[in-house]
Amino acid sequence: MIRRKTETPKKIARCGSIPRHVAIIMDGNGRWAKERGLSRVSGHKEGAKRVLEVVEESVKSGIEYLTLYAFSSENWNRPKLEVKALMKLLLASLKKYGKLFIEKEVRFLTIGDISALPKDCQDALNSLKKQTENFTKSNLVLALNYGSRDELVRAVNKIEKKGKVCWKDIAENLDTAKMPDPDLIIRTSGEMRLSNYLLLQSAYSELYFTNVYWPDFNASQLEKALCEYAKRERRYGFTTEQLKTND
């Protein structure tokens, strides 16, 4: 892959705080392909290339968790040929980039019910998780067969016999139980919705929407999103004056 020359870490450091957890809705592959007279699958293949670049830049920037919405629980409703192609692309990407994640010491995780995925995909996912389980600095999380409503149902089923339940009980049974909530959620392609993605975890996340399609989302676009994040004041229900007093 041709690496773009960038000073992202230095520039972002000048912008201000770095989010601990960034979640991205990788949207626009199909429209990107259509505008170029290509198949939707071609758009997905091009989008897969951006994953590696964004992972590399997030590691350089000091982002601890990067969570990518790769395949939603609703995506099974897409044409069967497209779904089959996406599963093949997932398997090929794991085989192609897995060694690089190991070399860069990026821990690989998933959220969502991967038991519904093809067996070869499950095996590849679990293998990469095992090989990277001892890395702690950087984490790449793929949301596969994931939907917030489905996640909540699974969490409730785990704790249904407990009786009175508080938020802590639910949080401890979500797919993201051992992860911090996302500080920043990015959505590409111009759509302005969360599409059943990390709905419970995003209660106080900063949202960033860009018209750029995912296949065109590169290191510079990530830098732009992080600099915008650094400008925002996160109050968590408090006033600005209260935050200043606590400082």
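Going by full-length UniProt numbering, the first residue of the sequence shown is number 1, and it counts up by one from there.
Positions of the beta carbon are idealized from the N, C-alpha and C atoms, including for glycine.
Taking residue i as the reference, give the member of the options with the closest Cα.
i           : options                 : result
residue 265 : A230, T110 and L81      : The chain is shown only over 1 to 247; residue 265 falls outside these bounds and no answer can be derived.
H21         : T176, L243 and L194     : T176
K88         : K119, L66, P180 and I63 : K119
A124        : Y97, E206, D181 and G62 : Y97
K63         : W76, R36 and T136       : Here residue 63 turns out to be Ile, not Lys, going by the sequence shown. It is T136.
M179        : V41, W76, Y65 and E228  : Y65
F71         : I24, L174 and S39       : I24
Under the rule that 16 or more other beta-carbon atoms within 10 Å means buried, what is residue i, buried or exposed?
i    : result
G190 : exposed
N29  : buried
N139 : buried
R187 : buried
M26  : buried
L243 : exposed
V59  : buried
State yes or no: is the C-beta of residue i within less than 8 Å of the C-beta of residue j?
i    : j    : result
A225 : S17  : no
L100 : L117 : no
P19  : L184 : yes
P182 : L200 : no
L222 : E57  : yes
V141 : T67  : yes
Pull up the CB-CB distance for residue i and residue j, whole angstroms please, since I reckon it's below 8 Å.
i    : j    : result
V54  : F217 : 7 Å
G147 : E82  : G147 to E82, Cβ: 18 Å. No contact.
Y208 : W32  : Between W32 and Y208 the Cβ distance is about 19 Å, and since that is not below 8 Å, they are no contact.
R107 : E133 : 7 Å
Using a Cβ-Cβ distance under 8 Å, would residue i count as near chain C?
i    : result
Q242 : Reference to chain C is not applicable here, since this structure consists of a single protein chain.
Can at least three beta-carbon pairs, one atom from the region 163 to 173 and one from the region 129 to 141, be found at a separation below 8 Å? With fewer than three CB-CB distances shorter than 8 Å, the region 163 to 173 does not count as touching the region 129 to 141.
Decide if the region 234 to 243 is in contact with the region 103 to 117; the criterion is three or more beta carbon pairs, one per stretch, under 8 Å apart. With the rule of 3 Cβ pairs closer than 8 Å, the region 234 to 243 does not count as touching the region 103 to 117.
Take every Cβ of the region 86 to 106, pair it with every Cβ of the region 41 to 48, and state whether three or more of those distances are shorter than 8 Å. Contact between the region 86 to 106 and the region 41 to 48 is present: 3 or more CB-CB pairs across the two stretches fall below 8 Å.
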